[in-house]
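Some notes on the structure that comes next.
There are 2 protein chains.
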Amino acid sequence: MNAPAFAPRLRPDEATIATVIAELNKRFGNRAVTSLAVRQQHANTLTWTENQPPDVVVYPQTTEEVQDVVRLCAAHKVPVVPFGTGTSFEGHTNAPYGGVSIDTSQMKRIVAVHPDDLDCVVEPGVTRKELNEHLRDLGLFFPIDPGADASLGGMVATRASGTNAVRYGTMKDNVLALTVVTPNGEVVKTARRAKKSSAGYDLTRLFVGSEGTLGVITDITLKLHGIPEAVSAGVCPFPSVEAACEAVIVTIQSGLPVARIELLDAAMVRGVNLHSKLGLPETPMLFLEFHGTESSVKEQAQRFGEIAVEYGGGPFEWATKTEDRNRLWQARHDVYWAAYALRPGAVSIATDVCVPISRLAECVEETRQDIEASGLIAPIVGHVGDGNFHVQPLIDPNDPEEVARCRAFVERLVERALAMEGTCTGEHGVGQRKMKYLEAEHGPAALELMRVLKRAIDPDNIMNPGKIVAL
Amino acid sequence: MNAPAFAPRLRPDEATIATVIAELNKRFGNRAVTSLAVRQQHANTLTWTENQPPDVVVYPQTTEEVQDVVRLCAAHKVPVVPFGTGTSFEGHTNAPYGGVSIDTSQMKRIVAVHPDDLDCVVEPGVTRKELNEHLRDLGLFFPIDPGADASLGGMVATRASGTNAVRYGTMKDNVLALTVVTPNGEVVKTARRAKKSSAGYDLTRLFVGSEGTLGVITDITLKLHGIPEAVSAGVCPFPSVEAACEAVIVTIQSGLPVARIELLDAAMVRGVNLHSKLGLPETPMLFLEFHGTESSVKEQAQRFGEIAVEYGGGPFEWATKTEDRNRLWQARHDVYWAAYALRPGAVSIATDVCVPISRLAECVEETRQDIEASGLIAPIVGHVGDGNFHVQPLIDPNDPEEVARCRAFVERLVERALAMEGTCTGEHGVGQRKMKYLEAEHGPAALELMRVLKRAIDPDNIMNPGKIVAL
């Protein structure tokens with residue numbers, strides 16, 4: 015491996031930017047926008063990361079138009095920052111070196127649905143809810159559900175997952191093929207529609223989780239699933255987060271094919287009650303869902319109930335009506351906003367670690383003690399069936415002491431997960447904020463291999479520079 | 015993307031080879047072997063591909079020893095060909111430019127089993143049966159089962175699958191992490207043991223299916239599954255392969271979580287009867303297996319029975335005893351050898367295409383007609399739940415006319431699959447024999463991207479040269 019090192023990435027000079035903007039105006043008319051407000055909306059707008067706007071935002075409508083933008087940027091070595099809905103947490107959409115934000119919100123076609131093959135082809139700007147709206151009448155659904163109604167392009171780019179991942183996997187497992195415009199302006203189709211293949215390197219998985227640093231995704235072939243014949247959901251209180259985690263571990267180990275198993279600690283339940291008016295007992299709580307036939311769902315729920323009792327949990331309360339179930343899961347998806355109810359006016363910090371499930375109870379419990387010792391308001395929520403959880407500190411950004419205390423807590427959280435064979439990010443991605451942890455997580459040789467890939471595919475570092483491995 | 019093109023790969027000169035052999039003898043003693051018989055056993059020994067032996071076979075026992083071999087070869091630009099059990103079909107283990115075969119059969123440690131996390135760490139020489147033997151008392155199993163008792167390293171390298179893939183996925187889905195010695199002699203650990211991660215590029219999937227062309231795998235972290243509480247298996251006859259395929263399509267579309275659903279055409283059933291003494295009716299046949307709880311298995315089987323009747327199939331016959339079930343699946347796994355019973359003394363040609371399941375019945379039926387029109391003896395067997403099937407022509411290699419007829423048939427088979435959005439290989443891999451189809455399957459831009467990856471990671475083309483994308 016001897017790909018040359020990058021030259022340091024610089025912001026292009028003003029004249030170059032002016033030339034690119036002029037070309038984009040000529041080509042895209044009012045679909046190229048330079049107003050500060052729009053540019054700021056296209057940089058990081060969530061969490062405490064600084065907002066670093068691009069120089070111009072362009073709204074292509076086809077793969078060919080994306081090609082034109084990338085070729086123009088490549089010719090001038092100007093950064094390209096792909097943009098979905100701007101709901102990522104780690105500064106993914108920031109433009110630290112300026113450049114062109116490619117907003118995919120006008121690429122919203124659902125190109126094809128193949129019910130017989132349980133797959134579909136969509137453009138990257140389609141959001142997960144829009145897709146499921148479209149699929150409902152066909153009896154199909156797409157299971158991956160991060161908190162936000164994110165774009166599917168963004169979800170591919172960050173290797174997103176969510177509450178259903180414990181049963182249906184993550185974006186890694188649910189993308190069959192991609193069309194990608196690579197940094198040289200070529201169009202690569204990563205795979206065929208066959209359900210499996212051994213025909214060469216796995217280009218699909220190369221781009222899933224690449225966060226726009228290797229190319230711009232312009233269409234996506236996704237696996238779909240039949241809407242289960244029966245769904246049952248409910249909540250189950252536990253005396254402690256530790257007890258709840260122990261129950262989760264046993265549930266997973268026993269092979270119970272639970273579709274969702276989500277932990278909220280007492281603080282997060284309080285936030286949810288305030289935000290979503292749920293009236294749940296304010297104690298650690300698992301939110302669960304089972305998918306299957308009428309009889310298998312009943313069987314699963316009964317087995318889980320038995321496990322819960324063993325760990326002091328219960329009673330397991332059912333949401334039998336569809337509207338109650340939807341209300342429950344909407345509340346779960348809104349936790350990021352619900353947390354604010356615990357400290358109105360505060361800034362929320364997203365965190366995201368994942369450990370082998372055998373270490374989950376220990377990791378969550380140590381973290382809970384650390385929150386207490388740190389004097390932070392920091393509710394916990396987690397996709398605990400995967401060993402993945404989020405702590406969401408709510409801080410006053412104008413109190414430097416509190417900010418420092420929170421930063422130190424977040425560092426310890428990541429170090430704790432890494433020490434338990436875990437990862438610094440289960441589903442949010444690296445972006446700008448997690449770059450510093452990659453060497454500790456992967457070691458120098460693996461990190462250098464990632465750099466080799468980046469340099470080989472994007473030698474001028476134009477694709478979303480300043481993210482993952484390329485400063 | 016501007017990685018330089020490869021210099022044409024040449025066989026190293028005799029003096030260089032002699033130097034490398036002398037160094038290996040010094041370092042490994044009688045674990046470096048140059049006898050012709052051993053060298054020939056380490057090149058292609060199955061199907062009609064020419065046997066191209068390496069210059070020397072070495073048997074390392076640790077990652078460090080693999081590093082030593084790779085560093086030595088890198089210093090002299092001598093080819094390295096990783097070797098598992100030699101059961102691949104596409105010439106993967108051939109050494110067209112000579113060099114060093116790294117036989118992993120002395121790397122057989124099961125390093126760790128983590129029952130709580132449903133994963134384990136194994137060395138690459140452990141075979142799938144050896145692993146399952148080890149796991150049985152823990153109530154766990156590893157589901158991926160190609161026909162042969164292949165090494166797990168080889169299975170990672172070819173992105174193998176088998177009869178359980180319809181439910182449990184392929185090697186792509188069941189590898190959590192790898193340790194790999196890269197062509198520069200560095201040791202890369204591709205991921206942590208957490209069940210999911212978004213921490214950078216997916217190095218694990220980069221190596222799964224890379225067929226030894228990007229590095230040598232020295233340990234593997236695999237996902238495990240609990241042995242299901244209940245298993246039921248059986249066979250179901252159909253009036254035609256088309257009817258059987260239609261029943262499969264409906265089974266998959268209806269979301270029935272079948273664990274195995276395998277097609278044998280009448281010719282293959284005849285072969286199995288001869289080879290494994292089964293006495294099945296010689297008509298197209300589905301072999302099925304259901305995993306779950308007692309009640310869910312019963313429910314699945316009943317639903318499948320209803321679907322089968324709709325397509326003129328049945329009666330569905332149960333293998334209720336474990337030994338009957340094992341006998342059935344052993345027979346299924348032995349089809350490669352069973353086919354020989356149809357034409358003793360013939361040479362068998364392995365083929366392997368996969369299409370979207372909506373095209374399966376059409377693809378298999380056209381293929382059946384093509385076999386008939388070609389006058390070949392060529393039974394069909396398939397992992398039809400994934401749209402993947404194999405035709406296994408049995409030919410007289412000394413009859414040039416028949417060889418030509420068979421080659422033309424195989425070409426048409428691949429073209430037919432590609433025309434139906436399928437792939438030239440569902441699970442066997444590219445090796446030497448499928449290289450010529452990659453451009454038709456992926457297009458020039460994707461193929462060039464694969465070459466960019468190869469050149470960046472292995473600039474001197476020492477890792478298994480002459481396979482996948484690098485001549």
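If you're matching them up, the sequences are chains A and B in order. The opening residue of the first sequence carries number 15 in my numbering; numbering runs sequentially from there. The opening residue of the second sequence carries number 15 in my numbering; numbering runs sequentially from there. Every residue gets a Cβ at the ideal spot worked out from N, C-alpha and C, and that includes glycine.
From G112/B, V194/B and P393/B, residue whose alpha carbon lies closest to that of G285/B: Closest option to G285/B, judged by alpha-carbon separation, among G112/B, V194/B and P393/B: P393/B.
Extent of the continuous beta strand (DSSP E) run through L192/B: Counting along the chain, the beta strand (DSSP E) containing L192/B begins and ends at V189 to V195.
Contact under 8 angstroms by Cβ, A261/A with A322/A: Between A261/A and A322/A, the CB-CB gap stays under 8 angstroms.
Cut-off 6 angstroms between Cβ atoms - residues of its own chain near T196/A, not counting five sequence neighbours on either side: V202 and G229.
Chain A within 8 angstroms of N16/B, Cβ atoms only: Unreliable positioning characterises N16/B in this predicted model, as indicated by a pLDDT of 48, which lies under 50. The coordinate reading is nonetheless provided below. Closer than 8 angstroms to the CB of N16/B there is at least one CB belonging to chain A.
Members of the stretch 337-368 of chain B near chain A, C-beta cut-off 9 angstroms: Within the stretch 337-368 of chain B, the qualifying residues are D366, V367 and C368.
Whole-angstrom distance between R173/B and A109/B, CA atom to CA atom: Inter-residue distance for A109/B and R173/B is about 21 angstroms (C-alpha atoms, whole angstroms).
Interface partners of K91/B on chain A, CB under 8 angstroms: The contacting residues do not exist; K91/B stays about 13 angstroms from chain A at best.
Cβ neighbour criterion (16 or more within 10 Å) applied to Q3/A: Residue coverage of chain A in this structure runs from 15 to 485, which leaves residue 3/A outside it and unanswerable.
Sequence-distant residues of the same chain with beta carbon closer than 7 angstroms to H128/B, five excluded per side: Result list for H128/B: C134, in chain order.
When L132/A, E379/A, A164/A and E416/A are compared against A431/A, the one with the closest alpha-carbon: It is E379/A whose Cα lies nearest to the Cα of A431/A.
Rounded distance between the beta-carbons of N58/A and T101/A, thought under 8 angstroms: Between N58/A and T101/A the Cβ distance is about 11 angstroms, and since that is not below 8 angstroms, they are no contact.
Given L300/A as reference, the closest of Q81/A, S309/A, A355/A and G326/A once Cα atoms are compared: Distance check between L300/A and each of Q81/A, S309/A, A355/A and G326/A places G326/A closest, using alpha-carbon atoms only.
Short CB-CB distance (under 8 angstroms) between T99/B and chain A: No - not a single Cβ of chain A is within 8 angstroms of the one on T99/B.
Under 9 angstroms from the C-beta of N188/A: neighbouring residues of chain B: Within 9 angstroms Cβ-Cβ: nothing; N188/A doesn't reach chain B, min ~11 angstroms.
Whole beta strand (DSSP E) elements within the stretch 320-355 of chain A, 3-residue minimum: Counting only runs of 3 or more, we get 331-333.
Own chain partners of E104/A with C-beta closer than 7 angstroms, once the 5 adjacent residues on each side are dropped: Cβ within range, chain order: H442, G443, V444, G445, Q446, R447 and K448.
Nearest to G401/B (by Cα), restricted to the options P479/A, A208/A and G319/A: Per the Cα distances, A208/A.
Pairwise C-alpha distance: V52/A and T437/A: Each residue's alpha carbon lies about 34 angstroms from the other.
The stretch 146-165 of chain A / the stretch 42-50 of chain A touching (three or more Cβ pairs under 8 angstroms): Between the stretch 146-165 of chain A and the stretch 42-50 of chain A, the count of C-beta pairs closer than 8 angstroms stays below three; the two stretches do not touch.
Beta carbon proximity, S175/A to chain B, threshold 8 angstroms: Interface residue, yes.
For F103/A, the first and last residue of its enclosing alpha helix (DSSP H): Per DSSP, F103/A lies in no alpha helix (DSSP H) and is assigned neither H nor E.
Contact belief for T10/B with L277/B at Cβ below 8 angstroms, rounded distance in angstroms: Residue numbering for chain B in the displayed model covers 15 to 485; residue 10/B lies beyond these limits and cannot be assessed.
Start and end residues, alpha helix (DSSP H) containing E415/B: From DSSP, the alpha helix (DSSP H) with E415/B extends over P414 to A433.
Proximity below 8 angstroms, CB of I275/A to CB of D130/B: Taking 8 angstroms as the Cβ cut-off, I275/A and D130/B do not qualify as a contacting pair.
Buried or exposed by the 16-neighbour rule on C-beta atoms within 10 Å, applied to T193/A: Taking a 10 Å sphere around the C-beta of T193/A, we find 16 or more other C-beta atoms and assign the residue as buried.
Cross-chain neighbours of K203/A in chain B, by beta carbon under 9 angstroms: What K203/A touches in chain B: H456, G457, A459 and A460.
R23/A in three-state terms, based on DSSP: R23/A falls in the coil class under three-state DSSP.
Spatial neighbours of I391/A in its chain, beta-carbon cut-off 6 angstroms, leaving aside the 5 residues before and after: Excluding positions up to five away in sequence, the list reads L356, R357 and L408.
Closer than 8 angstroms at the beta carbon, the chain B residues around E441/A: Neighbours of E441/A in chain B, taken as residues at a C-beta separation under 8 angstroms, are given in chain order as K210 and S212.
Chain-order list of residues whose beta-carbon lies under 7 angstroms from that of C420/A (same chain, five-residue window excluded): Excluding sequence neighbours, C420/A sits near I363, L390, P407 and I409.
Proximal chain B residues relative to H128/A, where beta-carbon distance stays under 9 angstroms: Per Cβ cutoff of 9 angstroms: P370 and S372.
Amino acids of chain B, ordered along the chain, whose beta-carbon sits closer than 7 angstroms to that of L452/A: A213 and G214, listed in chain order.
Minimum Cβ-Cβ distance from I321/A to chain B less than 8 angstroms: Chain B, which has no Cβ nearer than 8 angstroms to the Cβ of I321/A, makes this no.
Candidates K450/B, E455/B and G399/B: closest to S175/B by CA position: Measuring from the Cα of S175/B, the nearest candidate turns out to be G399/B.
Cβ-based neighbour list, N16/B, same chain, cut-off 8 angstroms, excluding 5 preceding and 5 following: Bear in mind that a pLDDT of 48 at N16/B, under 50, signals an unreliable position, so the model cannot answer this.
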